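Below is one structure; the comments refer to it alone.
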Amino acid sequence: MFDGKSILITGGTGSFGQRFIKTLLERYKPSRVIVYSRDELKQYEMQQVLNAPCMRYFLGDVRDRQRLDLAMRDVDFVVHAAALKQVPAAEYNPTECIKTNIYGGENVTQACLANGVQKVIALSTDKAANPVNLYGATKLASDKLFVAANNMAGKRNTRYSVVRYGNVLGSRGSVVPFFQKLIGENAEVLPITDEKMTRFWITLQQGVEFVLKSFARMHGGEIFVPKIPSVRITDLAKVMAPDLPHEVVGIRPGEKLHEIMCPQDDSHVTLEFDDHFVIKPAIKFYDENLDYATNRLGEKGKLVQQGFSYCSGTNPDFLDDAGIRELNRRAGF
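Reminder that position 135 of the sequence shown reads as 135 in this note's numbering, one-by-one numbering, no gaps.
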């Protein structure tokens with residue numbers, strides 16, 4: 001699918017972007033892979049590792065529409081991973097988060113359309129479902145922009161979809177490296193936000209695989225949600241440090257007890273497939289004959305029951321101690 005094609009990744013120096021590009025280069029022969037980001041140091045460091053002849057490093061900000069237009073010339077596929085993601089920072093700097101996550105997302109949709117990009121996938125977050133913090137609200141707005149962009153494209157070939165998943169095990173700011181750091185510093189306790197807290201659990205490579213598969217599956221307008229296990233934070237702490245006691249420190253502002261990826265209010269447009277869910281667009285597109293119950297790979301899904309919610313706290317699939325150890329091992333911890 002990606003052989004001989006040009007692929008651009010916004011925010012390409014991040015954890016996802018680096019793993020996605022590494023996987024692309026291992027499996028395909030793209031003509032160009034373009035890293036679009038604003039951090040010259042991260043790009044320099046990335047060039048020392050990923051320096052294949054097809055690699056291009058393009059300094060730019062998603063807030064800059066003109067720069068995006070230039071970067072996307074003759075590009076076939078785009079992954080939009082750039083975002084301001086730190087919840088406390090977003091609460092303290094709301095306008096900056098809005099400029100990047102909402103206005104930047106709009107710029108990406110328009111630049112893709114202007115340059116005839118074939119397929120676009122924007123990365124979302126569980127925090128966009130029933131958002132309780134500014135970051136989640138901006139990502140919900142971004143999701144809506146990318147879904148509605150299919151109407152903006154009309155009969156042109158450009159199609160947009162969204163991939164939404166929860167915590168990436170081992171990514172920057174996640175709890176596993178935080179716990180590991182405390183354990184390495186001989187901490188006497190591990191801080192636990194709440195003893196009832198649960199999270200969806202996915203490795204970085206699993207996230208990459210799901211995005212790659214979503215490019216093949218997409219009609220345009222879907223929000224793809226993988227079926228992944230949940231973990232209890234107390235179980236994670238027990239596995240990583242069996243002898244350390246826990247200290248309950250309380251939920252931080254804007255934080256949820258459980259994650260939700262398919263909200264109950266969207267149950268009437270949520271389809272269940274074997275290994276994922278699809279939230280259909282609530283709006284009508286120019287092409288009303290799209291059958292989201294059958295994707296481009298021929299896989300078939302069916303509507304969930306009214307009132308269904310895909311929540312980490314009620315997920316039927318929870319990791320046991322062995323499962324936690326195995327995923328930690330895969331993620332390098």
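No residue lacks a Cβ here, since even glycine has one placed at the ideal position from N, Cα and C.
Only a predicted model underlies this, so the values are computations on that prediction, with no experimental measurement involved.
Residue range of the unbroken beta strand (DSSP E) whose run includes residue i
{"i": "proline 191", "result": "190-192"}
{"i": "proline 281", "result": "Taken as a continuous stretch (DSSP letters only), proline 281 belongs to no beta strand (DSSP E), as it is neither H nor E."}
{"i": "lysine 119", "result": "119-123"}
{"i": "valine 163", "result": "159-163"}
{"i": "phenylalanine 178", "result": "Element bounds for phenylalanine 178: not the beta strand (DSSP E) but the alpha helix (DSSP H), 175-184."}
Under the three-state DSSP convention, the category residue i falls into
{"i": "proline 226", "result": "strand"}
{"i": "valine 62", "result": "coil"}
{"i": "leucine 41", "result": "helix"}
{"i": "glutamate 247", "result": "strand"}
{"i": "methionine 261", "result": "strand"}
{"i": "lysine 5", "result": "coil"}
{"i": "methionine 46", "result": "helix"}
{"i": "tyrosine 28", "result": "coil"}
Assumed close pair residue i, residue j - CB separation to whole angstroms, cut-off 8 Å
{"i": "methionine 165", "j": "isoleucine 121", "result": "Sequence inspection shows tyrosine at residue 165; the methionine mentioned does not correspond to that position. Rounded, the Cβ-Cβ distance is 12 Å, inconsistent with contact."}
{"i": "lysine 280", "j": "glutamate 222", "result": "7 Å"}
{"i": "proline 191", "j": "valine 249", "result": "5 Å"}
{"i": "valine 75", "j": "serine 31", "result": "About 10 Å separates the two Cβ atoms, so there is no contact after all."}
{"i": "asparagine 101", "j": "threonine 125", "result": "Going by Cβ atoms, the distance from asparagine 101 to threonine 125 rounds to 10 Å, so no, they are not a contact pair."}
Residue-level contact to chain D via CB, residue i, 9 Å cutoff
{"i": "leucine 140", "result": "Judged by its chain identifiers, the structure shown contains no chain D, having just a single protein chain."}
Bounding residues of the alpha helix (DSSP H) (the contiguous stretch that carries residue i)
{"i": "arginine 32", "result": "Where arginine 32 is concerned, there is no enclosing alpha helix (DSSP H), although the beta strand (DSSP E) it sits in stretches over 32-37."}
{"i": "isoleucine 102", "result": "It is not in any alpha helix (DSSP H) - isoleucine 102 carries neither H nor E in the DSSP assignment."}
{"i": "leucine 204", "result": "204-217"}
{"i": "threonine 198", "result": "Premise fails: threonine 198 lies in the beta strand (DSSP E), 198-200, not in any alpha helix (DSSP H)."}
{"i": "glycine 147", "result": "Checking the displayed sequence, the identity of residue 147 turns out to be valine instead of glycine. Unbroken alpha helix (DSSP H) run through valine 147: 134-153."}
Candidates the options, of which the one nearest residue i by Cα
{"i": "asparagine 133", "options": "Val75, Met152, Leu84", "result": "Leu84"}
{"i": "glycine 301", "options": "Asn315, Tyr310, Ser309, Asp275", "result": "Asp275"}
{"i": "phenylalanine 224", "options": "Tyr292, Lys284, Ala153, Arg65", "result": "Tyr292"}
{"i": "asparagine 107", "options": "Asp64, Pro131, Lys119, Val87", "result": "Asp64"}
{"i": "phenylalanine 210", "options": "Pro242, Ile98, Ile228, Tyr28", "result": "Ile228"}
Distance CB(residue i)-CB(residue j) smaller than 9 Å
{"i": "arginine 38", "j": "leucine 24", "result": "no"}
{"i": "isoleucine 9", "j": "valine 62", "result": "no"}
{"i": "glycine 14", "j": "alanine 82", "result": "yes"}
{"i": "arginine 199", "j": "serine 171", "result": "no"}
{"i": "leucine 257", "j": "glycine 313", "result": "yes"}
{"i": "methionine 1", "j": "alanine 187", "result": "no"}
{"i": "threonine 109", "j": "alanine 149", "result": "yes"}
{"i": "asparagine 167", "j": "glutamate 259", "result": "yes"}
{"i": "glycine 254", "j": "tyrosine 135", "result": "yes"}
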